[in-house]
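Be aware that the sequence shown starts at 331, since it is given in this note's numbering, and climbs by one per residue. All C-beta atoms, glycine included, are put in the ideal place defined by N, C-alpha and C. A quick write-up on the structure given underneath.
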Amino acid sequence: TEVTRDEVELPPPAIDNRLTVHPLWPEIDRISTEQIQAAFEGVGGEIGWQLFAEEGDMRMYRREMEVDGMVMDPLKAMHKVRGVSAREMCHYFFNPRYRYEWETTLETMNIVEDISTDTLVFHQTFKRIWPASQRDALFWSHVRSAPQHTYAVTNHSTTHADYPANTGACIRLIVTVCLACRSTFPPNETPCRENITTSIAYCSTVNPGGWAPAGALRAIYKREYPKFLKRFTNYVVDQCRDKPLAI
Ligand code: 6CM
331 TEVTRDEVEL PPPAIDNRLT VHPLWPEIDR ISTEQIQAAF EGVGGEIGWQ
381 LFAEEGDMRM YRREMEVDGM VMDPLKAMHK VRGVSAREMC HYFFNPRYRY
431 EWETTLETMN IVEDISTDTL VFHQTFKRIW PASQRDALFW SHVRSAPQHT
481 YAVTNHSTTH ADYPANTGAC IRLIVTVCLA CRSTFPPNET PCRENITTSI
531 AYCSTVNPGG WAPAGALRAI YKREYPKFLK RFTNYVVDQC RDKPLAI
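Right, dumping it as structure tokens:
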């Protein structure tokens, strides 16, 4: 499938009307609202969250959870990035144009449905990581703005007749991911690259969809998630350098 959208288009400040008439709209609206709200809730006071990675302003927590012997650890990461806006962060996370440049676990990516300027359905396959079998995922991806200079992308698994699960070499994983970003700048100042800070909350819950050795899977997550968040945020800072700030 070809990437059809205008790659320079930023996330729209309001919900695209084309989305609100789509059959997935009620689910997309409900899950995005829940995910964005949960993303900004702290982990400090909550029991069961364990810090597993820390570097500079980045902190990553997980809650060990197994269902029928399968690892489904919810993950939550917090980070702070200076010099880029929430809208810019979400632009680079949402827009497929840039995905291969920051997503190192990706093997293939197809746009299954172009719903609206703020919503796409993707089919992706991931690189096979020994000793697990290869995984794929089919999910809608929705970007929206929220009050307080906030933008967020929510990705959530769905189904599609043209992409049945577990028919080929891949095991279908089920994923819910939210990248929620909020920008701040000093009161009574005009936001610019020099004074803007964006707080990031990244939440991910992956059901591996079939048995994978728990220890190996946790080791993969421990290595891959910090790598992803560092690489992605550095990528956005690099891309935005010398471009006018987009709030
Ligand atoms: O959120 C991330 N990427 C988004 C755009 O691609 C999207 C991806 C969701 C899928 C996350 C799957 C994680 C598993 C990848 C490793 C596969 C190994 C299989 C091992 C056996 C189960 O939301 C960034 C995702 C960063 C993941 C480290």
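Between which two residues does the beta strand (DSSP E) containing T563 stretch?
-> From DSSP, T563 is part of no beta strand (DSSP E) but of the alpha helix (DSSP H) over 544 to 570.
CA-to-CA distance, Y555 to L436, given in whole angstroms = 13 Å
Spell out the partners DSSP gives Q454 in its beta bridges.
-> In DSSP, Q454 forms a bridge with M439, A467.
Do S529 and C511 come within 8 Å of each other at the CB atom, strictly closer than that value?
-> yes
In angstroms with no decimal places, state the Cα-to-Cα distance between M402 and P477.
-> 31 Å
Considering only the beta carbon of each residue, do G545 and R502 sit closer than 8 Å?
-> no
Residue(s) in a DSSP beta bridge with N485 | S471, V507
Reduced DSSP secondary structure (H/G/I, E/B, other) of S529 | Three-state DSSP puts S529 in a strand.
Might you give, ordered along the chain, the residues of its own chain that have their beta carbon closer than 7 Å to the beta carbon of G378, omitting 5 neighbours on each side?
-> Excluding sequence neighbours, G378 sits near R393.
Who are N537's beta bridge partners in DSSP?
-> Note: N537 sits in a beta bridge opposite I504.
Look up Q478 in the DSSP assignment and say whether it is helix, strand or coil.
-> coil
Straight-line CA distance for M395 to R429?
-> 29 Å
Could you pull out every residue in the same chain whose Cβ sits closer than 6 Å to the Cβ of T535, ignoring the five residues on either side in sequence?
-> Around T535, the same chain offers P404, T506 as residues with beta carbons nearer than 6 Å, after the five sequence neighbours per side are excluded.
Are there 16 or more other CB atoms within 10 angstroms of the CB of K406, so buried, or fewer, so exposed?
-> Classification for K406: buried.
Rounded to whole angstroms, how far is the Cβ of T484 from the Cβ of H472, which I believe are closer than 8 Å?
-> 5 Å
How would you write the range of the beta strand (DSSP E) that L349 sits in, first residue to last?
-> No beta strand (DSSP E) holds L349; the alpha helix (DSSP H) holding it covers 347 to 350.
Do the CB positions of S415 and S475 come within less than 8 Å of each other?
-> no
Exposed or buried, C533, counting other C-beta atoms within 10 Å across all chains shown (16 or more means buried)?
-> buried
A383 versus D572: straight-line alpha-carbon distance, rounded | 31 Å
Using beta-carbon positions only, say whether R465 and F452 come within less than 8 Å of one another.
-> Not in contact: R465 and F452 (Cβ atoms no closer than 8 Å).
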